[in-house]
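The block underneath contains the structure these notes are about, expressed in structure tokens.
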Amino acid sequence: MILRLESSASRWVFFVASVLLAAPLSYFSLRSAWAEHLAESGTREALERATQLEPGDARNWYLLGRDFQYNLEAPDNARAIAAYRQALSFDPRSPAVWLDLAEAHEAQGDLASARDAFLEAERSYPISAEAAWRYGNYLLRQGEFAAAFTAIRRAVEEEPGRAAEATSRCWRANPDIQMILDTALPASRNVYLDGIGVLARGKATDAALAVWSRLVRLHPKIELKEAYPFLEVLIQQRELAGARTVWNQALELSGAAWPADPSGSLIFDGGFETDTTGGGFAWRIQPRGAEVGYDGHVKHSGSRSLSVRFDGTQNVAFDGVCQYVPVDPRTSYQFSAWIRAEAVTTDRGVSMRLLTPESLKNPPLITPDLKGTVPWTQVTLPWRAEKDVHLLQVCVTRAPSRKFDNKIAGTVWLDDVSLVPAPPEHARAQSAQKDKP
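Residue numbers for the sequence shown follow our numbering, beginning at 683 and rising by one.
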């Protein structure tokens, strides 16, 4: 409908009426916008002013309550509780308000009211990970572990990214790993891996191994590198039986290629036929001062060898290709490797070194170094693990030269590295040699 105003008086009356109608609307809009601006500023004075301008806005009361509760300079839980109650009078189903109210009551020592508020939060939003998480942590603080673990499990089921923190908090509160696994952690690949990680970093290796066992039951697909941090902790803590088990199971779960190593050899991938490197009981390659790679043209057997090339610009102290090898105490072994050299300069060539990290007082065994140009040559060493030795480190090494002409150049190839138990007659001879005064 089109309203036609024929006279100027009619138009003036219409204009005044429009202004009178619009003014209150503009006032309320401006007041609401100003209250929102004050609330966003975050200061206590501004928040109090916002509640005065818009006393029916639950959000303003909630923000004011949080300022009272979490202000580091002047916290006031009693006033926070009053503000939260005001917020709930306008929005009684806000889980966020109920959760903060619960923790304010707990800080005041009113545990019954705190519990009631946590339960209201859960009723308001039954699938809220945050509500279940905070209620579960409240129950942990009260020592109610069974109920706490159940609530925390609900939180982790909704948000699996909480798994590491859930494991850490449950373990610190009640270090019963079987109870944690049964009631707090959902049976999930990622949840278990996160739990293993946090326990391993805390050196709780037995608990981490228990979680690993649950992970293996799931038969998940994992990447081998996901097990490396755990394996590193086990090796450094000398939990070598567990490390062996985790290594073999991780290889299987990852689908990594099993190298065709000689029967009985403890060296993993001694022929460098796989790309499995970087952790566990695989080769660790850190080519500081040299170029390290695989060579499919020069090899002793198989499809390739490992090459180490020096460019003649440095007097390199090199030990950039190493492997940890789990061994049995009081056992004799025979070490073997095939090495080829081409145009290797300086008086210091390349050797193989056998070192026992558990007993550094024992000097390492080192093969004669290769220099110049040498065809494929087998280097061997008899080696015996002492009574407390469970770990051997095998490295390609080059000691720095003390000569003036000391910048090494040339290439060395390595292939068919093995460590096998010595035949009985050799073992007796090594043992007798060790027993000599």
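Each residue gets a CB set at the ideal place from its N, CA and C atoms; glycine is no exception.
Report the residue from the options whose alpha carbon sits nearest the alpha carbon of residue i.
i, options, result
"Arg-835", "Arg-854, Gln-824 and Glu-812", "Glu-812"
"Arg-920", "Asn-1044, Leu-1073, Ala-886 and Arg-883", "Leu-1073"
"Trp-929", "Ser-945, Phe-912 and Val-838", "Phe-912"
"Gln-996", "Ala-1081, Leu-1037, Cys-1077 and Trp-1020", "Ala-1081"
"Asp-1065", "Arg-991, Leu-988, Thr-1049 and Ala-764", "Per the sequence shown, residue 1065 should be read as Trp rather than Asp. That would be Thr-1049, whose Cα lies nearest to the Cα of Trp-1065."
"His-982", "Tyr-1015, Ala-796, Val-1094 and Asp-758", "Val-1094"
"Leu-948", "Gln-1005, Leu-867, Glu-1024 and Ser-987", "Gln-1005"
"Val-1078", "Tyr-1015, Asn-1088 and Arg-991", "Arg-991"
"Gly-1054", "Trp-940, Pro-1105, Ala-764 and Val-1032", "Val-1032"
"Pro-1011", "Phe-963, Ala-942, Ser-1041 and Ala-1023", "Ser-1041"
"Leu-1036", "Thr-1027, Leu-1052, Tyr-1015 and Pro-944", "Tyr-1015"
"Val-980", "Gly-994, Gly-1002, Gly-953 and Gly-961", "Gly-953"
"Arg-1030", "Ser-806, Phe-1017 and Asp-1051", "Asp-1051"
"Arg-767", "Val-1009, Gly-994 and Leu-745", "Leu-745"
"Ser-945", "Arg-748, Leu-781 and Pro-1103", "Pro-1103"
"Lys-1089", "Pro-1045, Lys-1069 and Thr-1027", "Thr-1027"
"Gly-960", "Gly-978, Asp-943 and Gly-1002", "Gly-1002"
"Ser-987", "Pro-774, Val-779, Asn-759 and Asp-951", "Asp-951"
"Ala-769", "Asp-739, Val-998 and Ala-886", "Asp-739"
"Thr-725", "Arg-741, Leu-735 and Asn-753", "Asn-753"
"Trp-965", "Pro-1105, Gly-984 and Val-1007", "Val-1007"
"Pro-777", "Ala-756, Gln-918, Pro-757 and Ser-810", "Ser-810"
"Gly-884", "Val-915, Arg-797, Glu-908 and Leu-863", "Val-915"
"Asn-856", "Arg-844, Gly-825 and Gly-879", "Gly-825"
"Glu-905", "Val-1009, Gly-962 and Glu-730", "Gly-962"
"Lys-907", "His-901, Gly-924, Thr-958 and Gly-877", "Thr-958"
"Phe-1000", "Val-1009, Gly-978 and Ile-967", "Ile-967"
"Pro-1039", "Thr-1013, Ala-1067, Arg-899 and Arg-741", "Ala-1067"
"Asp-1098", "Lys-1085, Glu-955, Gln-1075 and Phe-1086", "Glu-955"
"Met-861", "Ile-878, Leu-875 and Phe-827", "Phe-827"
"Trp-815", "Leu-793, Ala-846 and Asp-792", "Ala-846"
Is residue i helix, strand or coil when you go by DSSP?
i, result
"Ala-715", "Residue confidence is low: Ala-715 scores 47 on pLDDT, short of 50, so the model does not pin down where it sits. Its coordinate-derived value is still stated next. In this structure, Ala-715 counts as helix in the three-state DSSP scheme."
"Pro-1105", "coil"
"Gln-1060", "strand"
"Thr-958", "coil"
"Arg-1066", "strand"
"Gly-924", "helix"
"Leu-1052", "strand"
"Ser-983", "coil"
"Trp-965", "strand"
"Leu-1047", "strand"
"Val-998", "coil"
"Asp-858", "coil"
"Thr-725", "coil"
"Val-695", "Note that Val-695 scores a pLDDT of 47, beneath 50, so its modelled location is shaky and nothing firm can be said."
"Asp-951", "coil"
"Ser-1041", "coil"
"Ser-1083", "coil"
"Asp-1098", "strand"
"Gly-677", "The shown model of the chain, from 683 to 1119, leaves out residue 677, and the question about it has no answer."
"Ile-834", "helix"
"Pro-706", "For Pro-706, the pLDDT reaches just 48, beneath the cut-off of 50, and the residue's location in the model is therefore unreliable, although a value from the coordinates is still provided. Helix, per DSSP."
"Asp-749", "helix"
"Ser-945", "coil"
"Leu-720", "No answer about Leu-720 holds up, because its pLDDT of 43 lies below 50 and its placement is not dependable."
"Gly-825", "coil"
"Ser-810", "coil"
"Glu-839", "helix"
"Gly-818", "helix"
"Val-701", "Note on Val-701: pLDDT 44, under 50, position unreliable in the model; the coordinate value appears next. If DSSP states are grouped into helix, strand and coil, Val-701 belongs with the helices."
"Glu-730", "helix"
"Asp-864", "helix"
"Asn-624", "Outside the displayed range of the chain (683 to 1119) lies residue 624, so it cannot be described from this structure."
Which residues does DSSP list as the beta-bridge partners of residue i?
i, result
"Glu-973", "Arg-991"
"Pro-1008", "Leu-1073"
"Val-1078", "Val-1003 and Met-1034"
"Val-1019", "The amino acid occupying residue 1019 in the given sequence is Ala; Val does not appear at that position. According to DSSP, Ala-1019 bridges with Val-1061."
"Glu-1024", "Thr-1093"
"Thr-1013", "Ala-1067"
At least three beta-carbon pairs within less than 8 Å, the region 783-801 to the region 813-821 = yes
Is there contact here, the region 921-941 with the region 891-899, by at least three beta-carbon pairs under 8 Å?
-> yes
Evaluate contact between the region 825-842 and the region 853-872, counting only Cβ atoms and requiring at least three cross-stretch pairs below 8 Å.
-> yes
For the region 755-807, which segments carrying the alpha helix (DSSP H) assignment without a break, of at least 4 residues, lie completely within its bounds, in sequence order?
-> 759-772, 777-789 and 793-806
Pairing CB atoms from the region 1056-1071 with CB atoms from the region 1017-1029, are three or more of them under 8 Å?
-> yes
Enumerate, from N- to C-terminal direction, the unbroken alpha helix (DSSP H) stretches of 4 or more residues contained entirely within the region 868-931.
-> 871-883, 887-899 and 906-918
Would you check if the region 970-977 and the region 934-941 touch, i.e. whether three or more CB-CB distances between them fall below 8 Å?
-> no
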